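Protein chains in written order, with the numbering used here: chain P, 1 to 113; chain W, 114 to 228.
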Amino acid sequence: NAGVTQTPKFQVLKTGQSMTLQCAQDMNHNSMYWYRQDPGMGLRLIYYSASEGTTDKGEVPNGYNVSRLNKREFSLRLESAAPSQTSVYFCASSAWTGESPLHFGNGTRLTVT
Amino acid sequence: AQSVTQLGSHVSVSEGALVLLRCNYSSSVPPYLFWYVQYPNQGLQLLLKYTTGATLVKGINGFEAEFKKSETSFHLTKPSAHMSDAAEYFCAVSDRGTGRRALTFGSGTRLQVQP
């Protein structure tokens, strides 16, 4: 009954370091998403993958890359972290895009110093 | 692109009082509409959604929302607040039609329930 699993839960990086956030879902969903949450700004879409083999940019893609490794897994990479990327990152999945509701992981709290 | 506005970043009500959280969307074509709730240190959970049909939608935990096309609104209500309703609530929209699309979220409303 895991749903959407994100790792790590917490991470501190220095400016310029790189890291990959991992996300896996066990609901056989086709679509997966990465959002970031900042105070007063709600959730903003970074990238999403409507189905295995496709990825699309969201509202705030600069500084990030993604990989849809297979149907279950969707990773988010920060190549050179910046303090502006300090945020809480959420992975989500849904059966399809559009009217299918999203299922969220518990988030990764990232601090870049 | 869709946009969604939530009026009031913070709402405070007394326990037992009516809860009203406001959401307006921008599109001339009504989108799919959702409300999500986030408890501290957790991800978001779906409260309810409107896709088609009856404009009054019932969700979990006694919440409901009414789609009003003429007002481009999808306000969330609950007749009687409980302490456990204290959380952040997000309205979200998604375009109808075909093609790849993702949810756009509002900026959120934090609900405080006073004893």
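Where is the CB? At the ideal position from N, CA and C, for every residue including glycine.
Just so we're clear, the structure is a prediction, and the values are computed from it rather than from any experiment.
query: Excluding the 5 residues preceding and the 5 following P/Leu76 in the sequence, name in chain order all residues of the same chain whose CB lies nearer than 8 Å to its CB.; result: Thr20, Leu21, Cys23, Trp34, Ile46, Tyr47, Tyr64, Asn65, Val66, Tyr89, Cys91
query: For P/Gly40, go through chain W and note every residue whose CB falls closer than 9 Å to its CB, in chain order.; result: Ser122, Ser220, Gly221
query: Output, in chain order, the set of chain W residues within a Cβ distance shorter than 9 Å of P/Asn106.; result: Asn154, Gln155, Gly156
query: Cβ atoms of P/Glu99 and W/Thr164: under 9 Å apart, would you say?; result: yes
query: What's the gap between the Cα of P/Met27 and the Cα of W/Ser183?; result: 37 Å
query: For P/Gln25 versus P/Thr5, is the C-beta distance shorter than 9 Å?; result: yes
query: Where DSSP assigns a beta bridge to P/Asn65, which residues make up the other side?; result: P/Arg77
query: State buried or exposed for W/Gly221, treating a residue as buried only when at least 16 other CB atoms are found within 10 Å of its CB.; result: buried
query: Considering Cα atoms alone, identify which of P/Gly40, P/Arg44, P/Arg68, P/Glu59 is closest to W/Arg223.; result: P/Gly40
query: Give the secondary structure of P/Met32 by DSSP, where H, G and I count as helix, E and B as strand, and everything else as coil.; result: strand
query: Any C-beta of chain P within less than 7 Å: which residues of the segment 161–179 of chain W qualify?; result: Lys162, Thr164
query: What's the gap between the Cα of W/Thr168 and the Cα of W/Cys136?; result: 15 Å
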